[in-house]
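Which chain is which? The protein sequence lines are Y and E, in order.
The opening position of the first sequence corresponds to residue 576 in the numbering used here, with each subsequent residue numbered one higher.
The opening position of the second sequence corresponds to residue 576 in the numbering used here, with each subsequent residue numbered one higher.
Even glycine gets a Cβ: it sits at the ideal position worked out from N, Cα and C.
Report on the following structure.
Number of protein chains: 2
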Amino acid sequence: MAPLFPFTPLIETLPTTIPFTGPEAIERQQGTPFHVRIGANESAFGISPKARQAMVEAIDHISWYNDPENHDLREALAQHHTVSIHNIAVGGGIDDLLGLAVRAFLSPGQIAVASLGSYPTYHYHVNGFGAKSHTVPYHNDRNDLNALLDAVHKTGSHLVYLSNPDNPAGTYHTTTELQAFVDQLPETCIFILDEAYIEFAPENAVLPISPIHPRLIRMRTFSKAHGMAGARIGYAICDPEIVTAFEKIRLHFMVNRIAQAGALASLHDPDFVQSVVRSVAQGRKEYEALAKSVGLSSLPSATNFVTFDAHTPDRAGTILNALQSQGVFVRKPGAPPLDRCFRVTVGTPEERQAFAEILPAILAQIPEPK
Amino acid sequence: MAPLFPFTPLIETLPTTIPFTGPEAIERQQGTPFHVRIGANESAFGISPKARQAMVEAIDHISWYNDPENHDLREALAQHHTVSIHNIAVGGGIDDLLGLAVRAFLSPGQIAVASLGSYPTYHYHVNGFGAKSHTVPYHNDRNDLNALLDAVHKTGSHLVYLSNPDNPAGTYHTTTELQAFVDQLPETCIFILDEAYIEFAPENAVLPISPIHPRLIRMRTFSKAHGMAGARIGYAICDPEIVTAFEKIRLHFMVNRIAQAGALASLHDPDFVQSVVRSVAQGRKEYEALAKSVGLSSLPSATNFVTFDAHTPDRAGTILNALQSQGVFVRKPGAPPLDRCFRVTVGTPEERQAFAEILPAILAQIPEPK
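Spelled out as structure tokens, the structure:
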């Protein structure tokens, strides 16, 4: 008998789990809204006034399709990074670009390498396009570069993924460590370097952009320091042959007009981004002091969030649930060893104050770990 | 020797052609801007004032990610169409949803059926995911339902695509014809009914929504009558099992916050959409009269564009080039038999006036067909 729906065998085997449950869905489940939203590493410091102005103006022409080439933004990004426009691919956030990279380099059944507990959407695409994730655990709360290298060599993988600075740990590797990693990768392996949080990192975490390494794809976003997560726009810096490959498969009208306009304006307002980075640095210090004051510790952060160490997965989960039930949206890593932690985005001063009052009250109700 | 880039075999074989060259790219090539943009079936009548207001307000929270479930919009669409929220999938325009349908139902090497010269992005996805397009020609400037049915049966295809009303012809099939088509499809074939232009069509072009047919996916968009092409938002109405399949593979944060807010507000302003439909009907009449007055004919249109018949592909191409070089952006179908035509979107009264002046002047320079 013919099946009712002629789904592909791949679709039939895919799980129904999704990369992230949004805070709105949790609010609907709980029946109460969050009053402190510090769980998704969204910027608490808004967007550049120039970006806002450009976005409002873009609404006037929203009846027109967006430029599918993203030409003006790509040109500006090329100038900004001192590369060619042919080195820039613009997409609907890093999420979109990760999907393109998986499609470009992995045939069904092939292996992708990354850390266990790294960005869920990367693994979602790997599985969704019929490839398989091979993971190696974090070591000392950092991506384990040696283990990743070994895994690439052992599996013959064409794709290895690394977030630097890392999400969800917040830690980073230096340019020296990263360069050694790149140098030791086989020629058959493409390295996706996810730099979503790079604006918040120290200078020695930022590999030089030029010369473009043929097997390195840098991914950047306007979601974090630029404050435009809800606009859906990011970009890749890579070899022109990879840009051309993405041209063959990408959704050409992916990036909406308003995001294009906002990103272009924000790129021309570096002072705004610098002010965000300073505010985030201040907030990180407060969170680190808070962690110490309540008898927790925190991982060193080069991002816009701080990963609080609750020492055991159970305790981290209990704290998370208590925070959420009191209207504070935070998240926690799902995989060991980081599942003993919960992750708190740097909020506004008011949000940090609210969190600093709720956290000790919650911890007072939770037994110390044995 | 290892290749420099470990692209998949599929990527290596894909062409570098893209579905559409945007008017911005043509402007950059020509070195002059278009002053009449009536080529991409964008709405000349803007967006609802309510949608505009909602979009401006959404910018205030653009630092927050969009709700990945598109919950509020899906709920409103379900109510609007008197179906369940589980029958609604929201995506980044029909372009995005077409890709999901191809991924859900076609394994590499399998066959997709559609008319020759139908929506390029559908064929782009079919090829991009490694499947193959099987096409049948238009008949009397309409999709040939019998030939499409024959092709489905002959090829055993799991997917057949039809745009009703049709783009690029502008013609339509009645509910009686469509229902007979659905009834004769084999159980193993999913029918994608692209209804991007449905608001402009007569009532007898609109199949009832309920009861939901398990193998029918209706695709709708906010790009046309709602005037939000640059916002990138559309939706599918289909069986919950298909919605669930899309959940397993879709880009969850695809649809930006501003589009979500604008679409929701526009849905609640039916008077605005009706006023657009009336304006378009007026413009179509003017275009039909214009075609006759300059010695061309036009295909009957149930859309927001009119397909002008220039009788030969060469003449259609010559007219198109002359229009573009005089600052008027129009498009023409690429495949026979419709490649003898060029396609003109209903513009504002001022744009129609400009076009009505330029077209006869151009035709005076072009020899009559033999």
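Distance, residue j Cα to residue i Cα
{"i": "Gly909(Y)", "j": "Ser693(Y)", "result": "10 Å"}
{"i": "Leu720(E)", "j": "Ser659(E)", "result": "30 Å"}
{"i": "Ile791(Y)", "j": "Pro815(Y)", "result": "Here residue 791(Y) turns out to be Leu, not Ile, going by the sequence shown. Those two C-alpha atoms are separated by around 11 Å."}
{"i": "Phe797(E)", "j": "Phe704(E)", "result": "26 Å"}
{"i": "Phe917(E)", "j": "Ala689(E)", "result": "21 Å"}
{"i": "Lys823(E)", "j": "Ile593(Y)", "result": "7 Å"}
{"i": "Val666(E)", "j": "His886(Y)", "result": "With the sequence shown as reference, residue 666(E) is identified as Gly, and Val is not the correct amino acid for it. Distance between the alpha carbons of Gly666(E) and His886(Y) is about 41 Å."}
{"i": "Thr746(E)", "j": "Thr882(E)", "result": "9 Å"}
{"i": "Pro875(Y)", "j": "Asp716(Y)", "result": "10 Å"}
{"i": "Met803(E)", "j": "Thr920(E)", "result": "15 Å"}
{"i": "Ser900(E)", "j": "Asp914(E)", "result": "20 Å"}
{"i": "Pro643(E)", "j": "Arg825(E)", "result": "10 Å"}
{"i": "Val726(E)", "j": "Pro845(E)", "result": "A quick correction: the sequence has Ala, not Val, at residue 726(E). C-alpha separation (whole angstroms): 39 Å."}
{"i": "Asp889(E)", "j": "Lys625(Y)", "result": "48 Å"}
{"i": "Asn702(E)", "j": "Leu724(E)", "result": "21 Å"}
{"i": "Ala679(E)", "j": "Leu585(Y)", "result": "8 Å"}
{"i": "Val818(E)", "j": "Thr893(E)", "result": "45 Å"}
{"i": "Ala629(E)", "j": "Gln849(E)", "result": "20 Å"}
{"i": "Ala776(Y)", "j": "Ala838(E)", "result": "38 Å"}
{"i": "Ala633(E)", "j": "Arg627(Y)", "result": "11 Å"}
{"i": "Ala864(Y)", "j": "Thr763(Y)", "result": "45 Å"}
Local conformation of residue i per DSSP, three classes
{"i": "Phe930(Y)", "result": "helix"}
{"i": "Ser873(E)", "result": "strand"}
{"i": "Gly666(E)", "result": "strand"}
{"i": "Phe904(E)", "result": "strand"}
{"i": "Lys707(Y)", "result": "strand"}
{"i": "Tyr694(E)", "result": "coil"}
{"i": "Thr596(Y)", "result": "coil"}
{"i": "His646(Y)", "result": "helix"}
{"i": "Pro777(Y)", "result": "coil"}
{"i": "His827(E)", "result": "coil"}
{"i": "His766(Y)", "result": "Here residue 766(Y) is Phe; the residue named in the question, His, does not match the sequence. Reduced to three states, the DSSP call for Phe766(Y) is strand."}
{"i": "Ala689(E)", "result": "strand"}
{"i": "Ile637(E)", "result": "coil"}
{"i": "Arg612(Y)", "result": "strand"}
{"i": "Ala577(E)", "result": "Residue confidence for Ala577(E) is low, a pLDDT of 46 falling below 50, so the modelled location carries little weight; the figure read from the coordinates is stated next. Looking at Ala577(E) - three-state DSSP - the assignment turns out to be coil, as it is neither helix nor strand."}
{"i": "Leu791(E)", "result": "strand"}
{"i": "His714(E)", "result": "strand"}
{"i": "His656(E)", "result": "helix"}
{"i": "Asn742(Y)", "result": "coil"}
{"i": "Ser868(E)", "result": "helix"}
{"i": "Thr730(E)", "result": "helix"}
{"i": "Asp814(Y)", "result": "coil"}
{"i": "Thr750(Y)", "result": "helix"}
{"i": "Gly674(Y)", "result": "helix"}
{"i": "Ala840(Y)", "result": "helix"}
C-beta atoms of residue i and residue j nearer than 7 Å
{"i": "Asn718(E)", "j": "Leu734(E)", "result": "no"}
{"i": "Ala877(Y)", "j": "Pro740(Y)", "result": "yes"}
{"i": "Asn662(E)", "j": "Ile812(E)", "result": "yes"}
{"i": "Asn641(E)", "j": "Asn896(E)", "result": "no"}
{"i": "Lys898(E)", "j": "Asp884(E)", "result": "One detail in the question is off: residue 898(E) reads as Leu in this sequence, not Lys. Their beta carbons are not under 7 Å apart, which means Leu898(E) does not touch Asp884(E) by this criterion."}
{"i": "Gly614(Y)", "j": "Phe904(Y)", "result": "yes"}
{"i": "Thr730(E)", "j": "His748(E)", "result": "no"}
{"i": "Phe821(E)", "j": "Ala664(E)", "result": "yes"}
{"i": "Ser618(Y)", "j": "Ser841(Y)", "result": "no"}
{"i": "Val851(Y)", "j": "Ala800(Y)", "result": "yes"}
{"i": "Leu681(E)", "j": "Pro712(E)", "result": "no"}
{"i": "Ala929(Y)", "j": "Val611(Y)", "result": "yes"}
Per DSSP, the bridge partner or partners of residue i
{"i": "His801(Y)", "result": "Answer by DSSP bridge pairing: none, since His801(Y) is not bridged."}
{"i": "Phe917(E)", "result": "Phe883(E)"}
{"i": "Thr796(E)", "result": "Gly809(E)"}
{"i": "Leu737(E)", "result": "Leu768(E)"}
Anything in the stretch 626 to 646 of chain Y with a Cβ closer than 7 Å to a Cβ of chain E? List those residues in chain order, please.
Arg627, Met630, Val631, Ile634, His636, Ile637, Ser638, Trp639, Tyr640, Asn641, Asp642, Pro643, Glu644 and His646
Contact list for the stretch 886 to 907 of chain E against chain Y, Cβ threshold 7 Å:
none
Quick one, which residues of the stretch 756 to 769 of chain Y are near chain E if we go by CB-CB under 9 Å, in chain order?
Answer in chain order: Pro761, Glu762, Thr763, Cys764 and Ile765.
Check each residue of the stretch 722 to 746 of chain Y: if its Cβ is closer than 9 Å to any Cβ of chain E, include it; give the result in chain order.
Taking 9 Å as the Cβ-Cβ cut-off against chain E, the residues of the stretch 722 to 746 of chain Y that qualify are His733 and Leu734.
Of all the residues that make up the stretch 671 to 689 of chain Y, which are near chain E by a beta-carbon distance shorter than 9 Å?
Asp671, Gly674, Arg678, Ala679, Phe680, Leu681, Ser682, Pro683 and Gln685
Taking beta-carbon pairs under 9 Å, can you tell me which members of the stretch 650 to 672 of chain E lie near chain Y?
Gly667, Gly668, Asp670 and Asp671
Determine which residues of the stretch 773 to 797 of chain E have a Cβ less than 7 Å from any Cβ of chain Y, and write them out in chain order.
Pro789
Could you please tell me which residues of the stretch 838 to 857 of chain Y, in chain order, have their CB closer than 8 Å to any CB of chain E?
none
Please list, in chain order, the residues of the stretch 688 to 709 of chain Y that have any C-beta partner in chain E closer than 7 Å.
Residues are counted here when their Cβ sits less than 7 Å from a Cβ of chain E; for the stretch 688 to 709 of chain Y these are Gly703, given in chain order.
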